[in-house]
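Residue numbers (my numbering), protein chains in the order written: chain W, 1 to 113; chain H, 114 to 227. The beta carbon of each residue, even a glycine, is placed where N, CA and C say it ideally should be. Because the structure is a prediction, the values reported are computed rather than measured.
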Amino acid sequence: NAGVTQTPKFQVLKTGQSMTLQCAQDMNHNSMYWYRQDPGMGLRLIYYSASEGTTDKGEVPNGYNVSRLNKREFSLRLESAAPSQTSVYFCASSARTRAHEQFFGPGTRLTVL
Amino acid sequence: AQSVTQLDSQVPVFEEAPVELRCNYSSSVSVYLFWYVQYPNQGLQLLLKYLSGSTLVKGINGFEAEFNKSQTSFHLRKPSVHISDTAEYFCAVILMNRDDKIIFGKGTRLHILP
């Protein structure tokens, strides 16, 4: 039981490049989330998916797209990376039967030059 | 609008001393309350949660928190901290009528002094 896994762990991009961050969970959770964490800002929700086939914008969705590929996987895409997207990205999942406890992945540290 | 305020961005405390990390929330509806901990270079993990019932909640690693509805607070306490408690702590709420999103505070960094 791996919980929530994220790939890659580290990434360096040049401005304008694109990339996809991958997230998978093996806990049969319905809901999945993408956050970014910046110093002094706490965690900010980028997008979330309450169930397979649905996605909704969070607090800071601009510059990102997501895909809920199936119940297990939820990917985050940066189409044209900008230095302002330098951050640590966390994926999380939750199941309503667990009173909404969120389980987090280890994070992806992204630097955009 | 709903919000979560952690009043201290950093809290230094000597090893074996007690600590309290403060959290206040603002909401027009009832909430579920959580504390998460983030150790260096790791993701967040649940420390404790309040859903209903007793207002004093006990969590992992000797932490506890008390829900005070009149003061809309959910402060985290530990009677004696250890160097291994060095981490960032996040208070969070979920609205009972909107159970698909969690609102996090900005975090409190706990520094344990030898």
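At a Cβ-Cβ threshold of 9 Å, Phe176/H and Cys204/H do not count as neighbours. Judged by DSSP secondary structure, Cys91/W falls within the beta strand (DSSP E) whose first and last residues are Ser87 to Ser94. Between Val124/H and the set Glu133/H, Met209/H, Leu160/H and Tyr145/H, the nearest pair of CA atoms involves Glu133/H. Scanning the stretch 134–194 of chain H from its first residue to its last, the whole beta strand (DSSP E) runs of 3-plus residues come out as 137–139, 144–151, 157–163, 169–171, 177–181 and 186–191. Contacts with chain W at 9 Å (Cβ-Cβ) do not include Leu189/H. According to DSSP, residue pairing for Leu110/W in a beta bridge involves Gln11/W and Ser87/W. Per DSSP, Ile196/H lies in no beta strand (DSSP E) segment and is marked neither H nor E.
Here Thr185/H has Asn137, Tyr138, Ser139 and Ser140 as same chain residues with Cβ atoms under 8 Å from its own Cβ, once five neighbours each way along the sequence are excluded.
In its chain, beyond the 5 residues on either side, Tyr47, Thr55 and Leu76 have a beta carbon closer than 6 Å to the beta carbon of Val66/W.
Interface residue (Cβ-Cβ distance to chain W less than 9 Å): Phe147/H is classified as such. The secondary-structure analysis by DSSP pairs Gln102/W across a beta bridge with Ser94/W. For the stretch 82–104 of chain W, residues whose beta-carbon sits nearer than 9 Å to a beta-carbon of chain H comprise Phe90, Cys91, Ala92, Ser94, Arg96, Ala99, His100, Glu101, Gln102, Phe103 and Phe104. Rounded to whole angstroms, Lys9/W and Gln85/W show a C-alpha spacing of 16 Å.
Note on Gln102/W: 16 or more other CB atoms within 10 angstroms of its CB, so buried under the neighbour-count rule.
Within the stretch 161–191 of chain H, those residues whose Cβ lies closer than 9 Å to any Cβ of chain W are, in chain order, Lys162 and Leu164. For Thr118/H, the three-state secondary structure derived from DSSP is strand.
With 16 or more neighbouring CB atoms inside 10 Å of its own CB, His29/W falls in the buried class. Between Val60/W and chain H, the shortest Cβ-Cβ separation is not below 9 Å. Beta bridge pairing from DSSP links Asn70/W with no other residue. Under DSSP, no beta-bridge partner is assigned to Asn1/W.
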